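Visitor:
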Amino acid sequence: MIIRLICSNAESDACGAQGTLTPPDDFAYVQNKREHTHEPDEDANRKATFLCALYTATVKQFRKLEKVYSDIALLNQESAHDLTFEAVKFKMQSWRQHRKFPILHTVSDFDETLKTEVYENICRHNEGKIEVEFLQDVQNEYTHIMFADKELMNKLPIDKLLVQSTVKILPDNLDAVQLISISTHFADHIFPIAWIPVMVKTTDSCRELMEKLQLLKPNWQPAKILHDFDDDLCKSFAEQFPNAIQRGTFSSHCMIMMEKADQFNLNIRDGPTALILSKIIALSLLPAQKIKNNFCLVVQSLDNVQRETFRALLQYYVTHWINGVGVNNYSFFKKKYSLLNNSQMIIRHMNNHLQNDRTGWNFLEKILSCSEQCDFHLKHFVNHQKINWSSYKEKHIFTGKKLCKPLDKLWLSIAGLENCQNFLSKVGTLLIPILRNMTVVGINLSSKFVLKKGENNNPETDLNLDEILRRINQGLPPNRPMNNDAEMSDEEEEEEEEEEEEEEEEEEAETEEDTPEREVEAEEIPECCICKDRRPNMRYQPCGHVVTCEQCNTTWLNLRTEEDRQLDCVFCRARVDIVEFAELDIPV
22 MIIRLICSNA
32 ESDACGAQGT
42 LTPPDDFAYV
52 QNKREHTHEP
62 DEDANRKATF
72 LCALYTATVK
82 QFRKLEKVYS
92 DIALLNQESA
102 HDLTFEAVKF
112 KMQSWRQHRK
122 FPILHTVSDF
132 DETLKTEVYE
142 NICRHNEGKI
152 EVEFLQDVQN
162 EYTHIMFADK
172 ELMNKLPIDK
182 LLVQSTVKIL
192 PDNLDAVQLI
202 SISTHFADHI
212 FPIAWIPVMV
222 KTTDSCRELM
232 EKLQLLKPNW
242 QPAKILHDFD
252 DDLCKSFAEQ
262 FPNAIQRGTF
272 SSHCMIMMEK
282 ADQFNLNIRD
292 GPTALILSKI
302 IALSLLPAQK
312 IKNNFCLVVQ
322 SLDNVQRETF
332 RALLQYYVTH
342 WINGVGVNNY
352 SFFKKKYSLL
362 NNSQMIIRHM
372 NNHLQNDRTG
382 WNFLEKILSC
392 SEQCDFHLKH
402 FVNHQKINWS
412 SYKEKHIFTG
422 KKLCKPLDKL
432 WLSIAGLENC
442 QNFLSKVGTL
452 LIPILRNMTV
462 VGINLSSKFV
472 LKKGENNNPE
482 TDLNLDEILR
492 RINQGLPPNR
502 PMNNDAEMSD
512 EEEEEEEEEE
522 EEEEEEEEAE
532 TEEDTPEREV
542 EAEEIPECCI
552 CKDRRPNMRY
562 QPCGHVVTCE
572 QCNTTWLNLR
582 TEEDRQLDCV
592 FCRARVDIVE
602 FAELDIPV
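Quick note: the sequence shown, position 163, residue 184 per my numbering, numbers continuous.
Below is the structure:
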């Protein structure tokens, strides 16, 4: 008679009975056996010690299970020979699935927990370790938490920094008011090297942060820093890296202006309003010496109703940008790196993965995952001299690729004031969809963000909006002639370095033209033109464009419904009759 074998001690997992563990039963059927006695395992204590160490590492680290097992197995080789990875894999998966971390109420809780022996290795990832430092002021109040990949920083030649701090994406229960991401350019890709939640933001705290950051890489002096016009950070970078050229980014300029437009109740969905707003923002794409005159011409082109509608925004632009930041500090004319959109996309990518859980532990897990990807692609580049990392490839704000040939052609066309106005109209038209998409995604600047304040060495050249309007109403030229040469004298050294950089970029552009497969690669893995993160899978008919993911398409549809407007294509603005799922053959 064949009956089911039963372990008398219910030691099913450790039982060495004949025919054990045959799915779907715990034990096989054995002839003439009804029960057996579990024999003591002489190596039970050794195996238990190995499993205990394996459990602790599995639930207290974020690394891949294979890496966790490999490290523990090195210290327990005899037990690892008896309990292979395949034998304990399902156990480890179950442990990780049901793990729980201590609840964090304050930054102090996080600091103390990471110092304990149990969590001392939690910041390890598969190729290195994240350095975590909790910065405090003289009153022992926490100011910053710095998560930095020191190993990655020492592997990369960091000569350019991309700093983003305007977007407010914060982990819960850490009292953070702002998040700073610091990345670098390498091989046409963006590599995040540090994430810094900010609790207390002052000039002194930012200065201390930069000092700590510089210590992570010996003799580190970046040549160029692209920032988002945050005043405290700009001052700190200038003190810590005095030889670095500082530039703002066009995408940050757009976000700051769009937030003000929203505060002043300007409707970006209205065609004429959107065009005027985009022309004002596009002024920053002109040469610095042409911004003031063309701003006056834009004001002159408005009728009385439009001047009243835009008066608050025009006054803000004159006070805080032309006279405050200074035209030399926010002119993006032929500064191609300043037109990259990667910093916002990287933070948005982090935001999309933190939608459901924003705890400090989840935030740390995503940082470690990002560092792991950086190490993987850097290692792949060393071995194959190529990186295929679509989501972190350099992307121009207008095209989603590295280059924007239409903008380059428009820059070449600029000669006089008339051509500049034509330039603003054409670029403004290209810019409208980008600005509208920003409003769909949402602009949430930190309350602690303070716009950069430039050094005004020549106040007599400041613009006065009331004076401009008075001269227009009297039929006079909107502005007196200005000494543009004086404005540019302080920028001669910077311009020489910019010209050298432009020559290098032109050589890179020629190389890209000789290798069209790189452009094809960017098209083979498209991104949703709203969230810039997920793959688009919704096709609009009859235009046929596939430019949004399902989630963003729903958001776009709801927005159009609320405005009592017909659904149109996000890309070409053509009327949409049918929205259907697209079957895209995109390699993974």
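Where is the CB? At the ideal position from N, CA and C, for every residue including glycine.
Note that the coordinates shown come from a computational prediction; the quantities given were computed from them, not determined experimentally.
#1: Using three-state DSSP, classify Glu476 as helix, strand or coil.
#2: Tell me the DSSP secondary structure of His274 in three-state form.
#3: Could you name the residues of the same chain whose beta carbon sits closer than 7 Å to that of Arg596, not counting the 5 residues immediately before and after it, in chain order?
#4: In whole angstroms, what is the alpha-carbon distance linking Pro239 and Asn142?
#5: Going by Cα to Cα distance, which pick from Gly292, Ile289, Val320 is closest to Leu304?
#6: If you check the beta carbons only, do Leu254 and Cys275 fall under 8 Å apart?
#7: With 16 other CB atoms within 10 Å as the buried threshold, where does Gly347 fall?
#8: So the candidates are Asp196, Leu236, Lys245; which of them puts its Cα closest to the Cα of Val221?
#9: Considering Cα atoms alone, identify which of Leu96, Lys81, Asp132 is closest to Met113.
#10: Hey, which unbroken runs of the alpha helix (DSSP H) at 4 residues or more fall wholly within the stretch 262-327?
#11: Grab me the residues of Leu431's own chain with a C-beta within less than 8 Å of its C-beta, minus the 5 sequence neighbours each way, in chain order.
#12: From Pro293 to Val600, what does the alpha carbon distance come to, in whole angstroms?
#13: Just the Cα atoms here: how many angstroms apart are Arg379 and Leu125?
#14: For His417, which three-state DSSP category applies?
#15: Looking at the strands, I want to know which residues DSSP matches up with Arg596.
#16: Can you confirm whether Gln321, when its beta carbon is compared against all beta carbons of chain B, has any partner nearer than 8 Å?
#17: Could you check how far apart the C-beta atoms of Ser202 and Ser364 are, in whole angstroms? I think they sit under 8 Å.
#18: Going by DSSP, what residue range makes up the beta strand (DSSP E) through His248?
#19: With respect to the beta strand (DSSP E) encompassing Thr213, which residues constitute its N-terminal and C-terminal limits?
#20: Within its chain, find whatever has a CB closer than 8 Å to the CB of Glu508; leave out the 5 residues flanking it on each side and keep chain order.
#21: For Glu152, which of helix, strand or coil comes out of DSSP?
#22: Just to confirm the assignment, what range does the alpha helix (DSSP H) spanning Leu385 have?
#23: Would you report the Cα separation of Ile435 and Tyr140, rounded to the nearest angstrom?
#24: Could you tell me whether the stretch 173-192 touches the stretch 411-426, using the rule of 3 or more Cβ pairs below 8 Å?
#25: Return the CA-CA distance between Thr270 and Leu399, expressed in angstroms with no decimal places.
#26: Does the stretch 272-287 come into contact with the stretch 182-197, if we say contact requires no fewer than three beta-carbon pairs (one atom in each stretch) closer than 8 Å?
#27: Within the continuous beta strand (DSSP E) that includes Arg556, where are the two ends?
#28: Below 7 Å CB to CB, which residues in the same chain sit around Pro563 once its five sequence neighbours on both sides are set aside?
#29: Contact check, Asp170 vs Cys317 under 8 Å by CB: the rounded distance?
#30: Reducing DSSP to helix, strand and coil, say where Glu601 ends up.
#31: Are the Cβ atoms of Val471 and Asp251 separated by less than 8 Å?
#32: Let me check understanding here. Comparing Cα to Cα, which of Glu280, Ser322, Leu307 lies closest to Leu296?
#33: How about Ser204 and Ile214: are their beta carbons less than 8 Å apart?
#34: If you reduce the DSSP assignment to three classes, tell me which class His102 lands in.
#35: Sort out for me which residues DSSP pairs Phe453 with in a bridge.
#36: Within 10 Å of its beta-carbon, does Val326 have 16 or more other beta-carbons around it, so buried, or fewer, so exposed?
Guide: Looking at the atomic coordinates:
#1: coil
#2: helix
#3: Gln587, Asp589
#4: 24 Å
#5: Val320
#6: no
#7: buried
#8: Asp196
#9: Lys81
#10: 271-284, 292-303, 309-321
#11: Phe444, Lys447, Val448
#12: 28 Å
#13: 11 Å
#14: strand
#15: Asp589
#16: The question asks about chain B, but that chain is absent: this structure has only one protein chain.
#17: 7 Å
#18: 245-248
#19: The residue you asked about is not Thr; residue 213 is Pro in the sequence shown. Element bounds for Pro213: 210-219.
#20: In this predicted model, Glu508 has a pLDDT of only 47, less than 50, meaning its place in the structure is not dependable; the value taken from the coordinates is given anyway. Excluding residues within five positions, the ones whose Cβ falls inside 8 Å are Ala309, Gln310, Val348, Asn349, Asn479, Thr482.
#21: strand
#22: 381-405
#23: 59 Å
#24: no
#25: 26 Å
#26: yes
#27: Premise fails: Arg556 is in no beta strand (DSSP E) and is neither H nor E.
#28: Asp598
#29: Not really, about 48 Å apart at Cβ, beyond 8 Å.
#30: strand
#31: yes
#32: Ser322
#33: yes
#34: helix
#35: Note that residue 453 is Ile in the sequence shown here, rather than Phe. For Ile453, which the question treats as bridged, DSSP gives no partner whatsoever.
#36: exposed
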